[in-house]
Amino acid sequence: MKRRISTIANLVLQQKPKAFYDIGCGHGYLARELVQQNPSLVGVNSDISANALGAAKGLLKDHTNMHFITSDGFDLLPNLNLDPAVGVIAGLGGLKIMQILAQHNNFLKHFVLQPQSNIIELRRFLSANQWTITTETLVEERGFIYLVLAVDKTKAQTQYLTEEQMILGPHLVNFTDKQMLVKYYNGLLKNFTARLNPSQFDSQVIHVLNKIIKAYERS
Numbered sequence: 000m001k002r003r004i005s006t007i008a009n010l011v012l013q014q015k016p017k018a019f020y021d022i023g024c025g026h027g028y029l030a031r032e033l034v035q036q037n038p039s040l041v042g043v044n045s046d047i048s049a050n051a052l053g054a055a056k057g058l059l060k061d062h063t064n065m066h067f068i069t070s071d072g073f074d075l076l077p078n079l080n081l082d083p084a085v086g087v088i089a090g091l092g093g094l095k096i097m098q099i100l101a102q103h104n105n106f107l108k109h110f111v112l113q114p115q116s117n118i119i120e121l122r123r124f125l126s127a128n129q130w131t132i133t134t135e136t137l138v139e140e141r142g143f144i145y146l147v148l149a150v151d152k153t154k155a156q157t158q159y160l161t162e163e164q165m166i167l168g169p170h171l172v173n174f175t176d177k178q179m180l181v182k183y184y185n186g187l188l189k190n191f192t193a194r195l196n197p198s199q200f201d202s203q204v205i206h207v208l209n210k211i212i213k214a215y216e217r218s
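Numbering (numbering that gives the first Met the number 0), first residue to last: 0 to 218.
Okay, structure coming up:
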C-alpha cells in the first residue's frame, strides 16, 4: 500500500493545496502521508463506514487540522473555502467514482483518482463532463498495477478524448516504464477477451490494445 499511497500523495501535493478531501478515506493512511509532508494542510476525511473513520481518527489523533465525517460522497462534506483544495477518490470502482464526481454539490475542481475498474468508462465520463486529465501514471504493488490520474475542471480549453485515447489514456502512452505499461495493457486485454458476449466497442478495445502491445514489443 505504501507505494500507491505515496504516488497519490505526490500528485496531491503537486497542486500545492491548502486543503484535501479524502473521500472513502478508509483508515486514514493517505491523510497521514500528506500531513507528514505538509503539517499545515487541512484535511477532510470521509467514509461511509463509521468503523473505518474511527480507525482514521485514531491514526491522526495528533493532527488538529483534520475533520472526520461519515458521508457517502459529498452528501455531508463542508466547503472549507480554502483554495486550492484537492479531492481524492482512491480504491473505488470507476462507476462509483463517476457517481461521486457527478453529485450536484461537488464543489471541488481538482481531483486525484485511483479507480479499481471501469477505467475506459471513467475516461469517457471525464471527457463528456469537462474534466481535463492532466496526469496519468502507474504504480505496481504486490503484483497489481494501479492507474492514478490527476484531473481538473479549471483549464480554459476543454479536453475531448478520441476513442483510442479513452482506451489507452491521453498521457499513459508516454509512461516511461514500457515494461510495466505493456503489463498493464495486457491486463486490460485479458479482461476484455474474457467477456462471453463482447460488444462492438469491446472488439474495438481489443483491437487497439493488441495494436499498441505489439508496437511496444517490437520497439
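The beta carbon of each residue, even a glycine, is placed where N, CA and C say it ideally should be.
For residue i, which residues in the same chain have their Cβ closer than 7 Å to its Cβ, ignoring the five residues on either side in sequence?
i, result
"Thr192", "Ile205"
Start and end of the alpha helix (DSSP H) containing residue i?
i, result
"Asn209", "199-217"
"Leu121", "118-127"
"Ala101", "No alpha helix (DSSP H) holds Ala101; DSSP gives it neither H nor E."
For residue i, does the three-state DSSP call read helix, strand or coil?
i, result
"Gln113", "strand"
"Gly168", "coil"
"Gly53", "helix"
"Phe143", "strand"
"Ser45", "strand"
"Thr134", "strand"
"Phe191", "helix"
"Ala30", "helix"
"Leu148", "strand"
Flag residue i as yes if its beta-carbon sits less than 8 Å from any beta-carbon of chain E, otherwise no.
i, result
"Arg122", "Among the chains of the structure shown, chain E does not appear; only one protein chain is present."
By how many angstroms is the C-alpha of residue j removed from the C-alpha of residue i?
i, j, result
"Lys17", "Ala84", "6 Å"
"Glu216", "Lys210", "10 Å"
"Gly90", "Leu29", "12 Å"
"His66", "Gly42", "6 Å"
"Lys15", "Leu195", "46 Å"
Taking 6 Å as the limit between beta carbons, can you name the residues of its chain near residue i, skipping five residues before and five after?
i, result
"Arg226", "In the structure displayed, the chain extends from 0 to 218; residue 226 sits before or after that span and is not available."
"Gly230", "Because the chain in this structure spans residues 0 to 218, residue 230 falls outside the shown range and cannot be described."
If you follow the beta strand (DSSP E) that residue i is part of, which residue opens it and which one closes it?
i, result
"Tyr159", "Tyr159 -> no beta strand (DSSP E), and no H or E assigned at all."
"Phe19", "18-22"
Which whole-angstrom value describes the C-beta separation of residue i and residue j, a residue pair presumed to lie in contact below a C-beta threshold of 8 Å?
i, j, result
"Asn105", "Phe143", "Rounded, the Cβ-Cβ distance is 28 Å, inconsistent with contact."
"Val11", "Val111", "5 Å"
"Leu94", "Asn80", "Leu94 to Asn80, Cβ: 30 Å. No contact."
"Leu180", "Phe174", "5 Å"
"Gln129", "Lys152", "6 Å"
Would you say the beta carbon of residue i is closer than 7 Å to some non-hydrogen atom of the ligand GDP?
i, result
"Ile22", "Absent from the structure shown: the ligand GDP. Ligands present: none."
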